[in-house]
Amino acid sequence: PRLIVIDTDPGIDDAIGILLALASPAFSIAGMTTVAGNIGIETTTRNGGRLLAFAGREDIPVVQGGAAPLSRPGPEPLNLHGENGIGGVALPEPVRPPESLPAAAWLAEFLLDQPAGAVDIFALGPLTNIARLFIDNPDAARRIGRIIAMGGVVHEVGNVGPRSEFNLWADPEAAAVVVSSGLPLVLVPLDVTRRVRASREFAQALRVAGKPLASMVADLVESYFETKTHQESRPLHDPCVMLFALAPELFRLEDLHLVVNTGSTEEAGALTVDGNGTPVQVAIGVDGPAVLDLLARTLTAA
Ligand code: BDR
Ligand code: CA
């Protein structure tokens, strides 16, 4: 299995991505680093621990990271994902406390301890921790095999601004550091994640197998519809990172030269395709039904 670290702000769709990674024999999860985003840092860290406790995987360390963006005051938590950040879904409390090191320092130590290129980072939240790692310890950061990050929007409208997606918007300076770092990066933007959509029927089908991880994902998907009652389906943004790693052939990649906007709130985090930008691999197309099917098969096999 591929050694990965999940950097995350759980988050309903983060939680689904984490459960998918736990279910897949293709990944060996070395750690989970947390960041403020969907909700404040104490809650994202606790949610990470709760998901691991639920899965019986408290052998995986949880490492708390950035409470606020690199260099601007944190946005007020939007609490988009309910009071507890994961749609009010009940999970056991973790027994294992978070590691004592902050995420960027833990990542540096871990990467220096592993062969160069052996560890991938799955980034599901604002890019604060990875930027901090690159700024503080570029040699360690250069040992990352590949970063696969959910973030940004290229051809469509954003979800927080006209051209801004939440993860890049929430810490645009961090996003700019990571994109311009030249570290191997695959970006999975809204253009793709909006095409991977779960319905109530999808959740019901997940329950049939009677498997705990699949049933928990069904609970998480259904929690979306408690507030968005009029919607037929919801995008599964963050799980697309895991799904891309599992089946890149189901995505269409483009090499784009990108610049991240770090200006006003309105435009922060917006991506510009610009010849002077940094080359990044961007997942720009996806076979939505096929990756949903892969998600369901992986969860129900576990
Ligand atoms: C991203 O923002 C968060 O709300 C989700 O967890 C996802 O990472 C989508 O824009
Ligand atoms: Ca997220």
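Letter by letter, the sequence shown follows residues 373 to 674 of the working numbering. C-beta: ideal position from N, C-alpha, C; glycine also.
First and last residue of the uninterrupted alpha helix (DSSP H) at residue i
i      : result
Ala673 : Gly660 to Ala673
Asp385 : Ile384 to Ala395
Leu591 : Note on identity: in this sequence residue 591 is Asp, with Leu being the wrong assignment. Here the alpha helix (DSSP H) through Asp591 covers Pro584 to Thr599.
Glu626 : Run containing Glu626: none in the alpha helix (DSSP H); it sits in the beta strand (DSSP E), Phe623 to Val632.
Ile336 : There is no way to answer for residue 336, as the model of the chain reaches only from 373 to 674.
Asp492 : Careful: Asp492 lies outside any alpha helix (DSSP H), inside the beta strand (DSSP E) at Val491 to Ala495.
Val564 : Leu562 to Thr565
Residue closest to residue i, alpha-carbon to alpha-carbon, out of the options
i      : options                           : result
Asn648 : Asn531, Thr637 and His629         : His629
Pro607 : Asp591, Asp563 and Ala546         : Asp563
Gly497 : Asp543, Ala395, Val663 and Leu555 : Asp543
Ala505 : Ala475, Gly530 and Arg624         : Rather than Ala, the amino acid found at residue 505 in this sequence is Leu. Closest option to Leu505, Cα to Cα, is Ala475.
Leu394 : Ala547, Leu424, Glu414 and Gly409 : Leu424
Arg468 : Val435, Pro441 and Met588         : Val435
Ala668 : Leu559, Glu638, Ala513 and Cys612 : Cys612
Gly383 : Gln653, Gly420, Arg374 and Ala398 : Gly420
Leu375 : Ile388, Met404, Val652 and Leu625 : Met404
Val526 : Ile516, Arg566 and Val549         : Arg566
Ala503 : Ala490, Gly489, Gln486 and Ala477 : Ala477
Ala513 : Pro534, Leu473 and Ala490         : Ala490
Ser400 : Ile378, Asp386 and Ala655         : Ile378
Glu430 : Ala402, Thr500 and Trp541         : Ala402
Phe426 : Ala619, Leu463 and Ala674         : Leu463
Pro584 : Gly409, Leu391, Thr380 and Ser553 : Leu391
Ile520 : Leu615, Thr415 and Asn410         : Leu615
Asn633 : Asp627, Glu626, Ala642 and Leu625 : Ala642
Ile493 : Met522, Gly530 and Ala586         : Met522
Leu618 : Thr599, Asp665 and Ala590         : Asp665
Gly454 : Asp627, Glu598 and Thr380         : Glu598
Gly517 : Asn539, Val558 and Ser552         : Val558
Glu604 : Ser571, Ala575, Val589 and Val580 : Ser571
Backbone secondary structure at residue i - three-state DSSP
i      : result
Leu618 : helix
Leu557 : strand
Thr644 : strand
Arg515 : coil
Leu540 : helix
Ser605 : strand
Thr415 : helix
Arg535 : coil
Ala402 : strand
Ala521 : strand
Val652 : strand
Val580 : coil
Val377 : strand
Continuous beta strand (DSSP E) stretch holding residue i: start and end
i      : result
Arg569 : Arg569 to Ser571
Residue-level contact to chain D via CB, residue i, 9 Å cutoff
i      : result
Ala512 : Looking for chain D here will not work: only one protein chain is present.
Residue i: CB within 8 Å of a non-hydrogen atom of ligand 4
i      : result
Gly497 : Absent from the structure shown: ligand 4. Ligands present: ligand 1 and ligand 2.
- Mind pulling the alpha helix (DSSP H) runs of 4 or more residues that sit fully within the stretch 417-485? 475-485
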